[in-house]
Amino acid sequence: MSRDLDLWAYQRGVTLDFSRPGKPTDNVFIEAFNGRFRAECLNTH
0 MSRDLDLWAY QRGVTLDFSR PGKPTDNVFI EAFNGRFRAE CLNTH
């Protein structure tokens, strides 16, 4: 999967930028979204 994503991004000129492992504060907005989504949608069913 990772290799496929790298190839897809490279072919389209997309730069991938990853947050540091174990540092959710690097990506506060998506971490907050993930928490709300999990609480409202995934844990309900």
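Using numbering that gives the first Met the number 0, read the sequence shown as starting at 0 and increasing by one per residue. By construction, the Cβ of each residue, glycine as well, lies at the ideal position given by its N, Cα and C atoms. Bear in mind the structure is a predicted one, so any value in this text is a computation, not a measurement.
| Among the residues of its own chain, which have a CB less than 8 Å from the CB of Asn26, if the five just before and after it don't count? | Here residue 26 corresponds to residue number 27 of the sequence shown, with the count starting at 1. Answer for Asn26: Ser18, listed in chain order.
Item checked: For Pro23 and Glu30, believed in contact at Cβ under 8 Å, the rounded distance -> Taking the first residue of the sequence shown as position 1, residue 30 is located at position 31. Taking the first residue of the sequence shown as position 1, residue 23 is located at position 24. Yes, Glu30 and Pro23 are in contact; Cβ-Cβ is about 5 Å, under 8 Å.
Check for me: the alpha helix (DSSP H) holding His13 runs from which residue to which?
For this step, residue 13 is matched to residue 14 along the sequence shown. For the record, residue 13 in the displayed sequence is Val; it is not His. For Val13, no alpha helix (DSSP H) run applies, since DSSP gives it neither H nor E.
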